[in-house]
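Count the sequence shown with mature numbering (1 follows the signal peptide of the UniProt record, and there is no 0) and you get residues -19 to -1, 1 to 919, in order.
Using N, Cα and C, we set each Cβ at its ideal position, and we do this for glycine too.
Please read these numbers as outputs of a predicted model, since none were measured by experiment.
Have a look at the structure below before the remarks.
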Amino acid sequence: MKEALSVLCLALLVSVSEAAVTKPGIGEFLGCLRSWPSPESPITDDIFTADNTTTFLSSYLSYTKNTRFASPNYQTLMAIVTAKHVSHIQATVVCAKSNGVQIRIRSGGHDYEGLSYISSVPFVILDMFNLRSITVDVPSKQAWVQAGATLGELYTKISDASETLAFPAGVCSTVGAGGHISGGGYGNLMRKYGLTVDHVVDALIVDVNGKLLNRSTMGEDLFWAIRGGGGGSFGVILSWKINLVDVPEILTVFRVNKTLEQGGIDVLYKWQLVSSKLLDGLFLRAVSQVVNRTIAVVFYAQFLGRANELVAIMNQSLPELGLKRQDCLEMSWLNTTLFWEDLPVGTPTSVLLDRPSKPEKFFKSKSDYVKKPIPKEGIKKLWEALLEFNNNNIVYMQWNPYGGVMDKVPAAATPFPHRKGNLFEVQYYTSWLDANATRGSLDMMKKLYEVAEPCVSSNPREAFLNYRDIDIGSNPSNETNVDEAEIYGSKYFVGNLKRLMEVKAKYDPENFFKNEQSIPPARLKALGIDDIVGSDFIDKQPSSWGTNGTAPTRSSLLQSSDFSQSEMLITVAMLSVESIFYDPREKREEERTSINHFTSVEGDHLTYLSVYRELNELLEKRKAENSECKVDKIMRKWCKDNFVNGRSLKHARDTYRALESGEIVHIHPTSVLFRSKPECVVIFDELMQTSKKYIKNLTRIDDPLWLAELAPHHYKTEDGGASFGVILSWKINLVDIPKIFTVFRVNRTLEQGGTDVLYKWQLVSSKLPESLYVRAMPKVVNKTIAVLLYAQFLGRADELVSIMNQSLPELGVKNQEMSWLITTLFWEDLPAGTLTSVLLDRPSKPEKFFKSKSDYVKKPIPKEGIKKLWKAMLEFNNDVYIEWNPYGGVIDKIPANATPFPHRKGNLLKIQYYTSWMDANSKMGSLNMMRKLYEVAE
């Protein structure tokens, strides 16, 4: 037990991950489904498996909207459940969870990356399309809409009930209400009324335990999370209760094109300045699209009023558009939905009820948010990127204006954070019909996205959840790494991600509802972490600990600002027993209420601590009232009333007293600290917040000298290494940089005076402006020496050329301009045009053998010394170079003792010697040659 205490003080801030799921037997899952008691609505006829290939495939394709994902993975897709009753949802959730099967929830199938119906692990699709009931209550201006209803069906139902009511949602009629609303869907009424989630007043959701909850029973935190956080991370949305909004009987729309020749770029630039400041009832979208190998800007508008008023507004605010009365069409709100789908005037509204039976095209989409106007030069670059797409692709950029009500709703009111401060939202879109065009189309979309980077939001570069984009970060199908989730999550949810993760930890702690971009449960900070500004780390063993692994005394425990030493001991004691809560089948609702009373989203250690504290407070109170009170009797009654395991709690209290006094204690063999061998030491790898499983991925170490095994760098000093702890993460300051950098790469061979250039470089490189970094790298090329000079300048090309021609005219500089991110590709010697996505690559195996050494140079190396170094380099059989990195600038201004890194003022340059080879037999010779080179340099 003492070792377990040591473990507590060595706990980390951890991420949540799940082990790979072995493919479960489909028989157990289907058997569970078919035996589910629901006589009034049997589920049997609504289960489709691959056995019936035709039916199965047609069911899969019916709500697959992207042809990129039109082929089901028969290795992982076990079944499709086309639910017709809430009991079907409950059965699917419970049976999938109990049999280790993942579920994907599909309402309309419009997930842009197919995450609602694809997975690389065994899974089942829960199809909601049969659950499409809609009821409209005109007097209250409210409606209930089930998740499987489409927007077209919802709009039609509302219009049938009232011509002056509407719902502010999207313009694609086949989108399912379940996913669209839960992701914070928007449409052409958003400047007047905001988003879908701003009008949700209740919901029905099936949770991870298969329970049907409404707003009052789910709680306000979960209700907040599903309104913009994506319902698929928290449960299965069955239906929404929504407030409807008022619209006039007659609205006005127009569609006006402006080509390049008609001044399209000027109109679009002006649009950025005025579109978010127009009347709230006017929505003016701008779409740049490729038409006949040129760009046309199409302006779509919808106005909650008549045509004459709209023309007057536009001619005052955007006269460059040249809007005329004949450009405008007056119609009902329902007919505007046809206009936005580019359907011909006169098309019957019954088309809004159509549901396609299969996907029609391949497509890819991305999104951005723009906070300041894009200059005309930036617009031209975007258009040039659009024109590079294949002629057979449809490609456009859709700019959707903000302002109005969007500026008035706080960013934290719902999980959807993209509110005030945005001028407009961008959707990039391309579609194609030939499968062979897929790779090229995806690459061109990435390039377009990179071109847009300087023009859009940053830190983070925000994105819209409903325009799902797997490129901005993702996890494997069955693994949720929190660090990775924070990358995409910060883009979708910005400052709301932390709260979403906390809600997830409370309602789905084991992360059953997940996909490649789902919300993970909050990372839990385990006990004993000393949270120092800048980093969280495992603390070094206190001096009072013995090297034989004996536990610390109470006085040697790490202190935390909100967690006393005695409370640490209490929590270890509480974790040492088999279980704390018990689960009476006949009183599960009461038990859940009781457990929720104790539960803390900050971690199980606080949950257990609150159990211990509450009992202690009761006992202290009773003792004060009656010194002869019977503690055991009071404990038994309190435990029964609170569904606490009395025997476990008593054992934990005894364990605490033993720990506090320094005694050796025995831990229950079936406690959460053990799973098979009570004699071994168990180390916390991961702390899970759930009342069922407390510890995950345990490490067992049988050697009593377990501390030396766990952290040898603390106890074995002969090999050096980390001396203070294991760094987990850093908090860093970022620095300002210009949007455009200039770089160059110049070669000088021996014949071109490379030695002279390198010698002169030593004299000037540390004295150049601080914003200019020039690296010199002599290397062996074709059995001779070439000196490569690489530079990066925080400024434009003309200024750099001037500096270099004055300081090092021998070089004869040519250069190129690019963003800071692109410079990282330049420094890796990647070809111009390489996609920045390569920066996210993580090699799966080592690619070569290599050896490196380093030196610091305090005075110029004479030319004779340079020639000796080159002679040593030429004796290698391998790739070999010496990298010379200039000092000076800020490095000279920081005192040597400001940090442990001492190599500051007084150094001209830092050297790295490097060689690599492919043949294992070359190892000894290469290492010897490296030693010789190092000796020559001495």
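- Taking C-beta atoms as the reference points, Ala813 and Val917 fail to come closer than 7 Å.
- Shown here, Ser499 sits in coil according to DSSP, grouped into three states, outside any helix or strand.
- Lys347 counts as buried, since no fewer than 16 other beta carbons sit within 10 angstroms of its beta carbon.
- When the alpha-carbon of Leu446 is set against those of Ser52, Phe494, Tyr93, Ala51, the nearest one is in Tyr93.
- With fewer than 16 neighbouring CB atoms inside 10 Å of its own CB, Met905 falls in the exposed class.
- When the beta-carbon positions are compared, Ile207 and Ser163 come within less than 7 Å of each other.
- Under DSSP, Met799 forms a beta bridge with Phe722.
- Within the same chain, and ignoring the five residues on either side of Arg306 in sequence, the residues whose Cβ sits closer than 8 Å to its Cβ are Ala288, Asn289, Val292.
- Contact between the segment 209 to 220 and the segment 240 to 255 is absent: fewer than 3 CB-CB pairs across the two stretches fall below 8 Å.
- Its Cα nearest to that of Glu491, the residue Val189 stands out among Val189, Ser835, Ile7.
- Linking Arg113 to Gln127 through their CA atoms gives a straight-line distance of about 5 Å.
- Listed in chain order, the non-local C-beta contacts of Leu263 below 6 Å within the same chain comprise Phe284, local neighbours out to five positions each way being set aside.
- Note that the segment 873 to 880 does not touch the segment 797 to 817; fewer than 3 beta-carbon pairs, one per stretch, sit closer than 8 Å.
- DSSP places Asp464 inside the alpha helix (DSSP H), whose first and last residues are 463 to 474.
- With contacts defined as CB atoms closer than 7 Å, Ser43 and Ser438 fail to qualify as a contacting pair.
- Under the criterion of beta carbons closer than 8 Å, Met910 and Glu856 qualify as touching, at roughly 6 Å.
- Bounds of the beta strand (DSSP E) holding Ile276 are 275 to 284.
- In chain order, Asp388 place their CB closer than 6 Å to the CB of Lys401, counting only its own chain and leaving out the 5 sequence neighbours on each side.
- Val625 counts as buried, since no fewer than 16 other beta carbons sit within 10 angstroms of its beta carbon.
- The C-alpha of Ala124 lies about 11 Å from the C-alpha of Tyr136.
- Look at Asp635 here: in three-state DSSP terms it is helix.
- Counting the other CB atoms within 10 Å of its CB gives Asn374 a total of 16 or more, which places it among the buried residues.
- Along the length of the segment 800 to 857, whole alpha helix (DSSP H) runs at least 4 residues long occupy 801 to 808, 844 to 854, reported in chain order.
- For Ala60, DSSP records a beta bridge to Val105.
- By the CB criterion at 7 Å, Val187 and Val74 fall inside the cutoff.
- Here Ser897 has Lys829, Phe830, Phe831, Asn859, Asp860 as same chain residues with Cβ atoms under 7 Å from its own Cβ, once five neighbours each way along the sequence are excluded.
- Ranked by Cα distance from Thr30, the options His66, Ile106, Ser79 are led by Ile106.
- Each residue's CA atom was taken as its position, placing Arg912 and Trp742 some 26 Å apart.
- Fully enclosed alpha helix (DSSP H) runs of no fewer than 4 residues occupy 158 to 163 of the segment 142 to 171, in order along the chain.
- Only buried fits Cys309, as 16 or more other CB atoms lie within 10 angstroms of its CB.
- Take Thr328, set aside five residues on each side of it, and the residues of its chain with a beta-carbon closer than 8 Å to its own are Leu319, in chain order.
- Between Thr35 and Glu301, the alpha-carbon positions lie close to 56 Å from each other.
- Comparing alpha carbon positions, the residue from Val838, Leu363, Gly129 closest to Leu334 is Gly129.
- A residue is called buried once 16 or more other Cβ atoms fall within 10 Å of its Cβ, and Asp450 is buried on that count.
- For Trp321, the enclosing alpha helix (DSSP H) stretches over residues 314 to 321.
- DSSP, read as helix, strand or coil, puts Ile207 in helix.
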